[in-house]
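Trainee: Below: one structure in C-alpha cells.
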Amino acid sequence: MTSLTSIAGPLLMGAVFGYLLQQGKVTSCNVIENQFRLRDFTVLKVMGTAIVVGGIGVLLLVDTGNTKYYVKDANMLAVALGAALFGIGMVVYGYCPGTALGAIASGSVHAAVGAFGMIVGAILYALSFDWVKAHILNVWALGKVRLPDITGVPDGVWFVALAIGAGAFFFWVEASESRAGRLRG
Amino acid sequence: MTDVAVGGARKSGRIDWSPYLVGAGIGILSWVAFAGFGDPLGVTTAFSRIASLFAVPVIGSDAVAANSYWKSMPLKWDYGVWFLVGIPLGAFLSAVISGTWRLELVPEVWRERFGPSVFKRFVAAFLGGIVIMYGARLAGGCTSGHGISGGLQLALSSWLFLAVMFATGLMVSRIMFRKA
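Quick mapping for you: the protein sequence lines, in order, are chains H and S.
Under my numbering, think of the first position of the first sequence as 1, with each following residue one higher.
Under my numbering, think of the first position of the second sequence as 186, with each following residue one higher.
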C-alpha cells in the first residue's frame with residue numbers, strides 16, 4: 001500500500017461521507033434540533049436507512065468472509081452515561097461530531113466554536129481517563145456482544161424486523177408530513 | 186416541513202436529495218469501509234488523536250506523552266484522521282455545488298427561542314461541544330461509530346447508545362424549547 005492510496009482512500013471516503021451528510025441536510029443545526037423536537041424526521045430517516053441498508057450488506061460480507069465485525073465493548077454504565085451526555089450535548093450544540101465538521105465547511109461559524117469545545121471535551125476525558133477506567137468503564141462490562149448473541153435471534157430475523165419496523169415508521173411519518181403539508185396549503 | 190427547517194438555505198439554493206437516498210448511500214459507504222478498508226465509519230476516535238495536539242500547549246508535551254489515554258490513542262495520521270479531514274472537504278463541495286453555502290452565526294431555531302445574541306449562541310455551542318465529546322469518549326463512539334456503524338452490526342453497546350442518546354435528547358429538547 002503506497003502512502004498515496006492510504007491517504008487518498010480515506011480522504012475520499014470521508015469526502016463522500018461529508019458530501020452525503022450535507023446533501024442529507026443533517027449538517028443543519030435546525031434540522032437536528034427539529035428532530036429532537038419531533039418536527040422534522042430527517043435525522044431518523046437518514047440513520048434508519050443507513051442502518052438497514054448498511055447492515056444487510058455488511059452481514060452478507062461477513063457471511064461470505066469478506067470482512068469481520070468491529071463491535072465496541074458493551075461497558076453498559078459507561079455507554080449509558082456517555083450517551084446521556086451525548087444527548088445533552090447534541091441538543092445544546094445542535095450537531096454531532098461528524099455533522100459539525102460538515103457544518104463548519106458549509107459556513108456555520110457557531111459550529112466551529114463548538115468544535116473547540118469538542119477539543120476541550122476530548123482533553124478533559126483524557127485527563128480523567130484513569131479515574132473513569134477504574135470506576136466506570138468496568139461496571140457491568142459485557143464485552144463485545146451483539147444482539148443476536150444475547151437473544152438467540154439470528155441476524156436475518158433482526159434485519160427483517162428492522163426493515164419492516166423502519167418501513168412502517170417512515171410510511172407513517174411521510175403520511176403525516178404530507179397531511180400537514182396539505183393543511184398548510 | 187423540511188422546507189421550513191432549511192428556509193434560510195432556500196434563498197441561495199436548495200438541496201433535493203431524499204433522506205432515504207442519502208441514508209442508503211451512507212449504508213453502501215459502510216460496505217466499502219468494512220470490506221475495503223477494515224475500518225467502520227467513525228469520527229471521534231480520530232478527533233481524540235488530534236485533540237492531543239491541542240493539549241500540548243495546555244498541559245505540556247511530557248504530560249501528553251505520559252497520559253494513559255493518549256498512550257492507547259496516540260496522534261498518528263491513520264485512516265480515521267484522513268477520513269475526518271475528508272468530511273469538511275466533501276461537505277464544502279456539496280454546499281458550493283448546491284448553492285447552500287452561507288455564513289451562519291445564530292441558527293434559525295436557536296434565534297426563535299433564545300434571540301439573536303451571537304455571544305449566547307457561541308457560549309452554548311462551546312459548552313455543548315465539551316459535553317458531547319466527553320460523552321462520546323465515555324461511550325466509546327458517536328452517532329457515526331456507535332449509531333450507524335455499531336447499529337448496523339447489531340452491537341448491544343450501540344443500541345444502548347442510540348436509545349439513551351435519543352431519550353435524553355428528547356427530554357433536554359423539551360426543557361430547552363419550553364415556552365417561557
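All residues carry an ideal CB built from backbone N, CA and C; glycine is no exception.
Look at the alpha carbon of H/V52 and the alpha carbon of H/L137, and state the distance between them as a whole number of angstroms.
Mentor: Distance between the alpha carbons of H/V52 and H/L137 is about 29 Å.
Trainee: Residues of chain A with CB closer than 7 Å to the CB of H/P154, please, in chain order.
Mentor: The displayed structure is made up of protein chains H and S, and chain A is not among them.
Trainee: Taking the alpha-carbon positions, what's the S/P301 to S/V291 distance?
Mentor: Spanning the two alpha carbons is a distance of roughly 7 Å.
Trainee: Alpha helix (DSSP H) containing S/R306: first to last residue?
Mentor: S/R306 -> alpha helix (DSSP H) spans V303 to A324.
Trainee: Is S/R287 helix, strand or coil when you go by DSSP?
Mentor: S/R287 falls in the coil class under three-state DSSP.
Trainee: Would you say H/F169 reaches chain S, if we count a Cβ-Cβ gap shorter than 9 Å as a contact?
Mentor: Taking Cβ atoms only, chain S never reaches closer than 9 Å to H/F169, which makes this a no.
Trainee: Quick one, are the C-beta atoms of S/P259 and S/R287 less than 9 Å apart?
Mentor: No. Outside cutoff.
Trainee: Where DSSP assigns a beta bridge to H/S108, which residues make up the other side?
Mentor: Bridge partners of H/S108: S/E289.
Trainee: Keeping to the same chain, check which residues put their C-beta closer than 6 Å to that of H/L21; ignore five residues upstream and five downstream.
Mentor: Excluding residues within five positions, the ones whose Cβ falls inside 6 Å are T27, T99 and G102.
Trainee: For S/T187, I'd like the list of residues in its chain whose CB is within less than 6 Å of its CB, leaving aside the five on either flank, ordered along the chain.
Mentor: Low local confidence applies: a pLDDT of 40 at S/T187 is under 50, so the model's placement there is unreliable, and no value is given.
Trainee: Would you check if there are 3 or more beta carbon pairs closer than 8 Å linking the segment 306–320 of chain S to the segment 31–45 of chain H?
Mentor: These segments do not touch.
Trainee: Does any residue of chain S bring its CB to less than 9 Å from the CB of H/W172?
Mentor: For H/W172, the answer is no, since every Cβ of chain S falls outside 9 Å of its Cβ.
Trainee: Out of curiosity, what's the CA-to-CA distance linking H/A112 and S/V241?
Mentor: Looking at the two C-alpha atoms, the distance is approximately 20 Å.
Trainee: Who are the Cβ neighbours of S/L214 in its own chain at under 8 Å, not counting the five residues just before and after it?
Mentor: L226, listed in sequence order.
Trainee: Should H/T67 be labelled buried (16 or more other beta-carbon atoms within 10 Å of its own) or exposed?
Mentor: It counts as buried.
Trainee: With 9 Å set as the bound, which would you pick, yes or no: does the beta-carbon of S/L214 sit closer than that to a beta-carbon of chain H?
Mentor: By this cut-off, S/L214 is an interface position.
Trainee: Give, in chain order, every unbroken run of the beta strand (DSSP E) that is at least 3 residues long and sits entirely within the segment 123–150 of chain H.
Mentor: Listed in chain order, there is nothing to give.
Trainee: Is S/A194 close to chain H? Criterion is C-beta to C-beta, closer than 9 Å.
Mentor: Residue confidence is low: S/A194 scores 44 on pLDDT, short of 50, so the model does not pin down where it sits. Its coordinate-derived value is still stated next. Yes, because at least one Cβ of chain H sits closer than 9 Å to the Cβ of S/A194.
Trainee: Given a threshold of 16 other Cβ atoms within 10 Å of its Cβ, counted over all protein chains shown, does H/P97 qualify as buried or as exposed?
Mentor: By the neighbour-count rule (16 or more Cβ atoms within 10 Å), H/P97 is buried.
Trainee: Figure out for me which residue from S/R306, S/P273, S/R298 and S/S283 has the closest Cα to the Cα of S/E289.
Mentor: The shortest Cα separation from S/E289 among S/R306, S/P273, S/R298 and S/S283 belongs to S/R306.
Trainee: Out of H/A126, H/F17 and H/K144, which has the shortest C-alpha to C-alpha gap to H/Y69?
Mentor: For H/Y69, the nearest C-alpha among the options comes from H/K144.
Trainee: Roughly how many whole angstroms lie between the Cα atoms of S/A340 and H/P154?
Mentor: Rounded to whole angstroms, S/A340 to H/P154 spans 13 Å at the Cα level.
Trainee: Please state the DSSP three-state secondary structure of S/N252.
Mentor: Note: S/N252 maps to coil in three-state DSSP.
Trainee: Beta-carbon separation of H/L77 and H/W140 under 9 Å?
Mentor: Yes, the pair counts as a contact, with Cβ atoms nearer than the cut-off.
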